[in-house]
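Line order of the protein sequences matches chains A and Z. Heads up, the first sequence is in this note's numbering, so the first residue is 1 and it goes up one at a time. Heads up, the second sequence is in this note's numbering, so the first residue is 1 and it goes up one at a time. As structure tokens, the structure follows; a few thoughts come after it.
There are 2 protein chains.
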Amino acid sequence: MNPSGNSRDSTSSAPFHMIDLIRKKRDGAALDAREIEFVVSGAASGAIPLEQLAAWLMAAWIRGLTLDETRALTMAMRDSGEKFSPARLGKTAVDKHSSGGVGDKTSFLVAPLAAACGVVVPMISGRALGHTGGTLDKLEAIPGYRTALSLAEFEAVIQKCGCSIVGQTPALVPADRALYALRDRTGTVENPGLICASILSKKLAAGLDALVLDVKTGSGAFLRSEKDCEFLAALMVATAGAAGTRTAALLTDMGQPLGRAAGNWIELVEAVELLRGTRPAEGPESNADLRELSLILAGWMIHLGSQADTPESGYERAETALMNGSALRIFLEMVDAQGGDARVFEDADAFHRPGATEIFEAWESGYIAEMDTTALGWAVQRTGAGREQAGEPVDPHAGILFHARRGAEVERGQPLATLYATSAARLEEPRALLRKAILISKSPPGAAVALVSRIFTRENAEKFLQDAVR
Amino acid sequence: MNPSGNSRDSTSSAPFHMIDLIRKKRDGAALDAREIEFVVSGAASGAIPLEQLAAWLMAAWIRGLTLDETRALTMAMRDSGEKFSPARLGKTAVDKHSSGGVGDKTSFLVAPLAAACGVVVPMISGRALGHTGGTLDKLEAIPGYRTALSLAEFEAVIQKCGCSIVGQTPALVPADRALYALRDRTGTVENPGLICASILSKKLAAGLDALVLDVKTGSGAFLRSEKDCEFLAALMVATAGAAGTRTAALLTDMGQPLGRAAGNWIELVEAVELLRGTRPAEGPESNADLRELSLILAGWMIHLGSQADTPESGYERAETALMNGSALRIFLEMVDAQGGDARVFEDADAFHRPGATEIFEAWESGYIAEMDTTALGWAVQRTGAGREQAGEPVDPHAGILFHARRGAEVERGQPLATLYATSAARLEEPRALLRKAILISKSPPGAAVALVSRIFTRENAEKFLQDAVR
Chain A
1 MNPSGNSRDS TSSAPFHMID LIRKKRDGAA LDAREIEFVV SGAASGAIPL
51 EQLAAWLMAA WIRGLTLDET RALTMAMRDS GEKFSPARLG KTAVDKHSSG
101 GVGDKTSFLV APLAAACGVV VPMISGRALG HTGGTLDKLE AIPGYRTALS
151 LAEFEAVIQK CGCSIVGQTP ALVPADRALY ALRDRTGTVE NPGLICASIL
201 SKKLAAGLDA LVLDVKTGSG AFLRSEKDCE FLAALMVATA GAAGTRTAAL
251 LTDMGQPLGR AAGNWIELVE AVELLRGTRP AEGPESNADL RELSLILAGW
301 MIHLGSQADT PESGYERAET ALMNGSALRI FLEMVDAQGG DARVFEDADA
351 FHRPGATEIF EAWESGYIAE MDTTALGWAV QRTGAGREQA GEPVDPHAGI
401 LFHARRGAEV ERGQPLATLY ATSAARLEEP RALLRKAILI SKSPPGAAVA
451 LVSRIFTREN AEKFLQDAVR
Chain Z
1 MNPSGNSRDS TSSAPFHMID LIRKKRDGAA LDAREIEFVV SGAASGAIPL
51 EQLAAWLMAA WIRGLTLDET RALTMAMRDS GEKFSPARLG KTAVDKHSSG
101 GVGDKTSFLV APLAAACGVV VPMISGRALG HTGGTLDKLE AIPGYRTALS
151 LAEFEAVIQK CGCSIVGQTP ALVPADRALY ALRDRTGTVE NPGLICASIL
201 SKKLAAGLDA LVLDVKTGSG AFLRSEKDCE FLAALMVATA GAAGTRTAAL
251 LTDMGQPLGR AAGNWIELVE AVELLRGTRP AEGPESNADL RELSLILAGW
301 MIHLGSQADT PESGYERAET ALMNGSALRI FLEMVDAQGG DARVFEDADA
351 FHRPGATEIF EAWESGYIAE MDTTALGWAV QRTGAGREQA GEPVDPHAGI
401 LFHARRGAEV ERGQPLATLY ATSAARLEEP RALLRKAILI SKSPPGAAVA
451 LVSRIFTREN AEKFLQDAVR
């Protein structure tokens, strides 16, 4: 309504007026790369007021972002702050990202496995979010382990060990920091383009040559519908590929916790046991899924990092590194290089001091037919392993050890899980959540769910997106 | 994702969580009255952060508000602050609202006309907005005229004169004050439900028994499409009716400025000339449309205020009050009661001291085929009659006097308008806007546009909405 448009805008010296970009997205049009860059730099610098960003995010959530917009948003966010440059390390830089899960401790396995096979792994990880655990929270269960390294320290650890797992620095991808907090408050989290840009901008700011994405499906996944998971996976593969990073995405089952342990310290212990070359547990307590998925993901990392011709031969190299102890050695070196006391793994049980412990038993006989893994994740967080408010400390000793998997036949009174809580009072909510989350039925459930249901590489991802958009 | 929902919300002691109401609207569901009241009271008190309100507004803009949501929003906003109660005046309280226009000075005519015919008119008006003028800015061209009265002073003026025209007090409809400023910055202005609630909440807070709505159509209207205008008109009539105020809406032509003058002082002068009973100008400078529309609107006010059986007999009563000078007397009494120096109308030309004056001539011969009245409105504002930024002063002497109407045959060099600007520098932009806004064609334009194209009362408004929603 205003011919010059400048009387309503707080950023009138800029090349665009935010109000115009809000209206454009509101009316369903696509922003070009320069317009997206304006929004992102205004979000990072604080030049665009939160209420204008919130309106734009809601318009983007409802109208959707095109593939070009998603790519532009990802790249602008990646470039919004300082970046890590692994080129000086003289090796191919590869990372893995999981879309969040319950009991997902594959990072502790794949980082040293891939590093043992000739790539470097500069892994920038996150904290517990919602019902899912956080890699940094788990690592901080190790006394002294520092997750807040400078980029120079990060580089030195990678130089020495081949991998490092740290937290995001404030200067890295400041646009995501600003936008993520705002999305959380404004109901604009669950959108494929916004999720893609948030995840990839952080990963790509680490200067990766290749990236393996583990997109969770099933009852514990952030996106519940298989179709949404496929779209997000294909979108991330195509977007990262267009940004110059060889990328594959695996859709993997999160219909039950991965492995046996979900919490902080107990997850590290499970990972280190497998890194010792110990055969996985069998029967209803099997954690073969964790070993298998870690080797598959590491195989893809090694393959995309040009250290194996196929993901299958990458898997074989990873399995060798697991069995010969070289990956374990790298992991313990990394813990030591980041200030952690690796001796705690020597007597893991002695170190484990939960405030309260309780066995959760089957309330009737039958088969474990279903697990609402999101509810199980909340149960884990409410033992004290997660936080109610951002910034709160987590209890390293809290968590849940599961003793029965989907499909297992159980007797009434048989232990289904061991709960480790900060205090006896914090056993109550997890107990109630478990009771609702686990379905025991009289007849055995149908066929087992595949661990990996679909794989996207750049070629089939781009075709999938063309078909999906049509 | 959070089972209790309270870790992400700033208002966790409240009956609802704003994040849930944002998601609900985002996903296209309708909020119930209690949920709407929560949003409105949080907007008025500041308890809900601006970015959450902005996200909710954008979701409401895109998904739309249902009729029930619109009614709940209107009533909650009406009740968000203090209210005026005209019941003590012992007369029916009636008001008129126009959806904004160029040269629309009907308020100065209809308020005293209706008051002269036995109703009271507690008129709470606004300021220049975008390309449209503001009733308060125009009245403040009168030396001493106070638009900021307390509710007690407002009541006293109405008691004495039968009408009063004032500005909104800070305590009246604080929710609209907060939401309107936010909508302006977040691209969420042009939505029928939000517009309806904003307009009606302010009007209904004045405790009206009846209300006449003048919804502008054509090139100068805020809503350009005839269909959108009809929908908004019907929506306002049904919503105000449901709130207990007898309401009618007239769709009227804003395809050219109303009357001859557009600005501040010069509009008052044109209104007072007609209140003197002077016959309207004829030919290309005719302002018969202004006289006619004012009498029609006043006729409806008198009718809905139970002082005439039909709008037509109300028109006749209003015309009598115009011709016998009783409306003029009321207007001048009101000016005096609000501190204004009514003597300035005795020699209007002597009082008029624009910084620069220029005649704008026809650049070729032909017929005035079209007028882009929105552009003409911007030209008026840019002479100095309007503001670039909220809070700036306006020039009471600036404006444009139009000498030719749509359909007029004009000779090259014939004056089309007289520009009155704050300074010679402020003639340039209006001149360029006029040159683009007026279309001179070789052949005469088609049939004249009706001054009033459609009328809604509660019955046909509700039927219209049922058909529109279907």
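Cβ coordinates follow ideal geometry from the N, Cα and C atoms, glycine included.
Put simply, the CB of G46(Z) is far from chain A, with every gap to its CB atoms at 8 Å or more.
A residue is called buried when at least 16 other Cβ atoms come within 10 angstroms of its Cβ; A350(A) does not meet this threshold and is exposed. Boundaries around H97(A) are those of the beta strand (DSSP E), V94 to S98, since no alpha helix (DSSP H) includes it. Residues of chain Z with a Cβ closer than 7 Å to the Cβ of T188(A) are, in chain order, A55.
In the three-state reduction of the DSSP assignment, P415(A) falls in the strand class. R26(A) places its beta carbon 8 Å or farther from that of A54(A). In summary, S85(Z) is exposed, with fewer than 16 beta-carbon neighbours lying within 10 Å of its beta-carbon over all protein chains present. Counting C-beta pairs with one atom in each stretch, the stretch 113-122 of chain Z and the stretch 291-303 of chain Z have three or more that are closer than 8 Å, which means they touch. Contact of I22(A) with chain Z by beta-carbon distance below 7 Å involves T186 and G187. Boundaries of the beta strand (DSSP E) harbouring K216(A): A210 to T217, taken from the DSSP string. Membership of G187(Z) in any beta strand (DSSP E) is not indicated, and neither H nor E is assigned to it by DSSP. Think of a sphere of 8 Å around the beta carbon of A197(Z): no beta carbon from chain A falls inside it, the nearest being about 18 Å out. Scanning chain Z for C-beta atoms nearer than 7 Å to the C-beta of L50(A) yields L50 and E51, reported in chain order. Per the C-alpha coordinates, the member of A43(A), A327(A), S443(A) and L250(A) positioned closest to P174(A) is A43(A). For R291(A), the enclosing alpha helix (DSSP H) begins and ends at A288 to L304. Contact check for G126(Z) against G134(Z) passes: the beta carbons are separated by less than 8 Å.
Using a CB distance cut-off of 8 Å, R26(A) counts as an interface residue toward chain Z. Look at D253(Z) here: in three-state DSSP terms it is strand. What L223(Z) touches in chain A, judged by beta-carbon distance under 8 Å, is nothing: the nearest beta carbon there is about 11 Å away. Check the Cα spacing between S219(A) and each of T373(A), M334(A) and H403(A): the tightest is with T373(A).
Scanning the stretch 424-470 of chain Z for uninterrupted alpha helix (DSSP H) segments of 4 residues or longer gives 428-437 and 458-469, listed from N- to C-terminal end.
In this structure, M371(Z) lies away from G193(Z), with their beta-carbon atoms at least 8 Å apart.
Beta-bridge annotation (DSSP): E409(Z) is paired with Y367(Z).
The beta carbons of T74(A) and S306(A) sit about 24 Å from each other, so the pair does not count as a contact at 8 Å. According to the DSSP assignment, A262(A) belongs to the beta strand (DSSP E) that extends over A261 to G263. Bounds of any alpha helix (DSSP H) do not take in E358(A); it lies within the beta strand (DSSP E) bounded by A356 to E361. At a cut-off of 8 Å between C-beta atoms, A59(A) counts as an interface residue with respect to chain Z. For L182(Z), the nearest CB of chain A lies under 8 Å from its own CB, placing it at the interface with that chain. Using a CB distance cut-off of 8 Å, I440(A) does not count as an interface residue toward chain Z. Look at Y420(Z) here: in three-state DSSP terms it is strand. Per the C-alpha coordinates, the member of G407(Z), L434(Z), D184(Z) and A76(Z) positioned closest to I400(Z) is L434(Z). Within 9 Å of the CB of I19(Z), the CB atoms of chain A belong to D184, R185, T186 and G187, in sequence order along the chain. Inclusion of A379(Z) and A437(Z) in the CB contact set at 8 Å is warranted, their separation being smaller than that value. In terms of beta-carbon proximity, I62(A) lines the interface with chain Z, with at least one pair separated by less than 8 Å. The Cβ-Cβ distance between V237(A) and A248(A) falls below 8 Å.
Secondary structure at R78(A): helix, using DSSP grouped into helix, strand and coil.
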